[in-house]
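Novice: Here it is, the structure, as structure tokens.
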Amino acid sequence: MSPSSDIHKLLDETIRRERGWLISSLVSRLGPGKVDLAEDVAQDAIVKALATWPYKGVPDNPRAWLRRVAGNTAIDRIRRSARELGIDDDWDLASEESDIITPSLSDPELDLMVLCCDPALAPQDQLFLALKTVCGFTAAETAALFFLKEDALSQRLARAKRQLRNQSGELARFPTRFALKDRLPQLLKMIYLMFSWGYLPRRGDVLFREDVCREAIRLSESLLAQTDGQTAGHHALHALLLFQTARFPARAGPDGSLLTLEQQDRTKWDQEMIFDGFAQLQAAQSSPSLTRYHLEAGIASVHAQARTWQGTDWPAIVQLYSLLNQQAPSLAVSVNLAVSLIYAGEISSAQTQLDKAETLAAAQDLPGYHLARAKLARAQGNGSKAQAALKRAAACRISAPIDEHIARQAALIDIEA
-1 MSPSSDIHKL LDETIRRERG WLISSLVSRL GPGKVDLAED VAQDAIVKAL ATWPYKGVPD
59 NPRAWLRRVA GNTAIDRIRR SARELGIDDD WDLASEESDI ITPSLSDPEL DLMVLCCDPA
119 LAPQDQLFLA LKTVCGFTAA ETAALFFLKE DALSQRLARA KRQLRNQSGE LARFPTRFAL
179 KDRLPQLLKM IYLMFSWGYL PRRGDVLFRE DVCREAIRLS ESLLAQTDGQ TAGHHALHAL
239 LLFQTARFPA RAGPDGSLLT LEQQDRTKWD QEMIFDGFAQ LQAAQSSPSL TRYHLEAGIA
299 SVHAQARTWQ GTDWPAIVQL YSLLNQQAPS LAVSVNLAVS LIYAGEISSA QTQLDKAETL
359 AAAQDLPGYH LARAKLARAQ GNGSKAQAAL KRAAACRISA PIDEHIARQA ALIDIEA
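Residue numbering for the sequence shown is -1 to 415, as defined by the numbering used here.
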């Protein structure tokens, strides 16, 4: 990698890491009614950073630099608008902060996430808004996550921000701590989706975004620090995030290619993180209720306990996926259940499960479905059928590493044929 590439990679990582914090920090000072302004001036600051940092170097404190530049731009815009309206323009962030804003939590990003969960917004629009403003997802990335067209998503985002502005008013205060308990389910879903995108991006040329996943863990930890955030379901979600992140050191080969669970060197797994995951899973047993996070964390824990691929308790995983398919049915869960049935040696049941999944409209657009079909065909000794399924998987196209993984699978079948 050239020095220029190194600089741009550092810039990308820094800006991606700081963007959500920057917008959240600005909203905490400008007010909930100024989300659009916060996004605009944050973007202006990022553009200035991209124009100057490659030549002058990244500042010792990038966060402070971005906040100062964005804050100054916000002040200029507010003063300009005030003058146009004939209003006193003697305005600055510091003088107004105590009068306008009362963030209820210690983390500005968490505050903004709670704000995005305003019940006046449709539940899915709450997720869209938080993923874009807090988590730093682009409209294209968010649209891909929900299998939507980018234009449609942009329209919903604009409507959500307009509703939030009308609902909150320019001098609205942040939701109180009492709102946290009611909005917790949506907050957990936001963190889950943020982590999911970082774990397996649906666009681009990277296998996973560890920075995004670790930010999701940080937000989860910040939420766990709140009394109302310490629910059994949240502990289960946090356990899931830890179990999955513990495998990162072994997920990619030297060339950045995907290594499946079967191929991974398990001695590279982060054992301390796995230990913490089991502690969180233990805390999740404090309630008799069973959430999808309990079941997914349970599946991840079975993998974490297996010292080798051959030692995986597939019947236990089948049982957990069966429960998950009943409680939170989805195409992805159905496909994963079928794959676990294949590994458990229940080929006929796997066939039935995939036949059911095939009736769902989105199945043909999900590479995982076609990969499962290929796996089933190989288990049945039908190489040509497996090859055809892999070709359909390749046609779906997600990210470069996944596309390359599918190509390698197809080449392997050619060799075996």
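Built from N, CA and C at the ideal position, the CB exists for glycine as well.
Check the DSSP bridge columns for L256 and list the partner residues they point to.
Specialist: Among the bridge pairs identified by DSSP, L256 is matched with A250.
Novice: From I315 to W63, what does the alpha carbon distance come to, in whole angstroms?
Specialist: 48 Å
Novice: Taking the straight line between their C-alpha atoms, what separation do you get for A150 and A142?
Specialist: 12 Å
Novice: Taking all protein chains shown into account, do 16 or more other C-beta atoms lie within 10 angstroms of the C-beta of K389, making it buried, or fewer, making it exposed?
Specialist: exposed
Novice: Indicate the three-state DSSP secondary structure (helix, strand or coil) for A326 in the structure shown.
Specialist: Residue state, collapsed to three classes: coil.
Novice: What residue ranges within the region 52 to 76 form continuous alpha helix (DSSP H) runs of no fewer than 4 residues, ordered along the chain?
Specialist: none
Novice: Going by CA-CA distance only, name the one from E402, A158, D253 that's closest to P30.
Specialist: A158
Novice: Can you give the Cα-Cα distance for L108 and I272, rounded to whole angstroms?
Specialist: Between the C-alpha atoms of L108 and I272 there is a straight-line separation of about 25 Å.
Novice: Could you name the residues of the same chain whose beta carbon sits closer than 6 Å to that of P399, not counting the 5 residues immediately before and after it, in chain order?
Specialist: L205, L256
Novice: Taking DSSP as the reference, what is the three-state secondary structure of K354?
Specialist: helix
Novice: Determine the burial state of D126: buried for a count of at least 16 other Cβ atoms within 10 Å of its Cβ, exposed for fewer.
Specialist: Position check: residue 126 holds Phe in this sequence, whereas Asp was assumed. Under this definition F126 is a buried residue.
Novice: Please determine, among P106, L288, S194, the residue with the shortest C-alpha to C-alpha distance to T229.
Specialist: L288
Novice: Between P57, A120, A68, A40, which lies nearest to V132 when the distance is taken from Cα to Cα?
Specialist: Minimum Cα distance to V132 is reached at A40.
Novice: Using beta-carbon positions only, say whether D226 and K266 come within less than 9 Å of one another.
Specialist: no
Novice: Tell me whether S287 sits in a helix, a strand or coil according to DSSP, three-state version.
Specialist: DSSP places S287 outside both helix and strand once states are collapsed to three, so it counts as coil.
Novice: Put E344 into one of helix, strand or coil per three-state DSSP.
Specialist: coil
Novice: If you follow the alpha helix (DSSP H) that A392 is in, where does it begin and where does it stop?
Specialist: 381 to 394 is the extent of the alpha helix (DSSP H) around A392.
Novice: I'd like the list of long-range same chain contacts for D34, defined as Cβ closer than 8 Å, with 5 residues on each side in sequence excluded.
Specialist: Counting only residues of its own chain and dropping the five nearest sequence neighbours on each side, D34 has a CB closer than 8 Å to the CB of K159, R163.
Novice: Compare the Cα-Cα distances from A214 to each of G202, L185, V25, Q224 and report the closest residue.
Specialist: If we check each option's Cα against that of A214, L185 comes out closest.
Novice: Rank A304, H236, A342 by C-alpha distance to the C-alpha of E294 and give the top, closest one.
Specialist: By alpha-carbon distance to E294, the top candidate from A304, H236, A342 is H236.
Novice: Which same chain residues end up closer than 8 Å to S194 when comparing Cβ atoms and leaving out the 5 residues on each side of it in sequence?
Specialist: L143
Novice: Assuming Y367 and A361 form a contact by the criterion Cβ under 8 Å, report the distance between their Cβ atoms to the nearest whole angstrom.
Specialist: 5 Å
Novice: Going straight from the alpha carbon of A336 to that of E208, what length do you get?
Specialist: 28 Å
Novice: Quick check on this structure: which residue in L24, R77, H403, T350 has the alpha carbon closest to the alpha carbon of A250?
Specialist: Of the listed residues, the one whose Cα sits closest to A250 is H403.
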